[in-house]
Amino acid sequence: MIELKSPEEIKQMRPAGKFVGDILSQLRETTKVGTNLLEIDEYVHKRIADRQGAESCYVDYAPDFGTGPFRHWICVSVNDAVLHGVPYDYNLKDGDLVSLDLAVSVDGWVGDSAISFVVGKADPEDERIIKTTQEALKAGISQAYSGNRIGDISAAVGAVAHENGYTVNMEFGGHGVGHLMHGDPFVVNDGRAHHGYKLRPGLVIAIEPWFMRGTDEIFQDPKDGWTLRSADGSRGAHTEHTIAITDGDPIILTRRDGFDPALPDNLQK
1 MIELKSPEEI KQMRPAGKFV GDILSQLRET TKVGTNLLEI DEYVHKRIAD RQGAESCYVD
61 YAPDFGTGPF RHWICVSVND AVLHGVPYDY NLKDGDLVSL DLAVSVDGWV GDSAISFVVG
121 KADPEDERII KTTQEALKAG ISQAYSGNRI GDISAAVGAV AHENGYTVNM EFGGHGVGHL
181 MHGDPFVVND GRAHHGYKLR PGLVIAIEPW FMRGTDEIFQ DPKDGWTLRS ADGSRGAHTE
241 HTIAITDGDP IILTRRDGFD PALPDNLQK
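Residues 1 to 269 in full-length UniProt numbering are what the sequence shown lists, from first letter to last.
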């Protein structure tokens, strides 16, 4: 069921979005060559434990697309891992492409966001796919206005992928956000403009473009039962924001400090 939030409820969602945005901003600054993935997980654990009213959306999460409950505080996907990456004992190496995906509930409301970046010296093709996810998110947000349709967002995201030579996996994408991390509507990363659910003030969704350099096929890593990897071993990237539809410009609930290449110019701070 699709739920519409009141202006007061959207206001109540802001602390969760800010908390998630702040954590990802800090991790972007501190994650370097040599950082261990378990250190990232423990940092998020401590931040959540220290924040009154905060709860992890991941720990003990057990949907049908995973194998058993998830046991960590953040998803960390490296190189050919593109979604749902399980943190493990691994020190990041020069040139690794890292995607961090974080969802936290604060006082009962969820914020969900993701970033991708390279530690150390970046391969230009890694930089290009990261930039493409950012541009795709920007394009999707540019369509996130009352009166448009979900298909307008999906078509805008997909168009950026195709323009840059990438194919699009349709199994996982954006979604409604509220008291739960994953709700209706599903926001696929490609689609037909002018089709689908009509956007209305009060709709809160996560838009999350994710693409892979050489394929749109994925498989679930049998070692942990969660991590989704590209079928051909190529690298992927993932960028996400939680936004609220209003009578005017969308509200970026998971806004991060400074200039954000995933936001339209009119929504920069």
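Don't be surprised by glycine CBs; every beta carbon is placed ideally from N, CA and C.
Contact annotation: Leu37 and Val76 have beta-carbon atoms nearer than 8 Å. Nearest to Met170 by C-alpha distance, out of Glu9, Ala114, Leu180 and Gly158, is Gly158. As summarised for the segment 205-241, the continuous beta strand (DSSP E) elements at least 3 residues long and confined to that stretch are 210-212, 218-220, 228-230 and 236-238, given in chain order. If only complete runs of 4 or more residues are kept, the segment 66-151 shows the alpha helix (DSSP H) at 124-142, in order along the chain. Spatial neighbours of Gly233 in its own chain (CB-CB distance under 7 Å, excluding positions within 5 residues in sequence) are listed in chain order as Asp80. Annotation for His45: the continuous alpha helix (DSSP H) segment containing it runs Leu37 to Asp50. Closest by C-alpha distance to Gly225, out of Gly111, Val119, Gly53 and Phe70, is Phe70. His179 sits in coil when the DSSP states are folded into three classes, being neither helix nor strand. Where Ala16 is concerned, the enclosing alpha helix (DSSP H) starts and stops at Pro7 to Thr30. For Lys46, the closest C-alpha among the options Phe65, Thr31, Trp73 and Tyr61 is that of Trp73. Arg14 and Asp107 have their C-alpha atoms some 11 Å from each other. Taking a cut-off of 8 Å for Cβ pairs, the segment 232-252 and the segment 109-124 touch, as three or more such pairs fall below it. Taking all protein chains in view, the Cβ of Pro63 is surrounded by fewer than 16 other Cβ atoms within 10 Å, so the residue is classified as exposed. Excluding the 5 residues flanking it on each side, Arg192 has same chain C-beta neighbours closer than 7 Å at Gly151 and Ala155, in chain order. In the DSSP secondary-structure assignment, Lys269 is not bridged to any residue. When DSSP reads this structure, Ala244 sits in a beta bridge with Val204 and Ile251. Separation of the CB atoms of Val177 and Ala206 is rounded to 5 Å, and the pair is thereby assigned contact status at 8 Å. When Cβ pairs closer than 8 Å are counted between the two stretches, the segment 7-22 is seen to touch the segment 253-263, the count reaching three or more.
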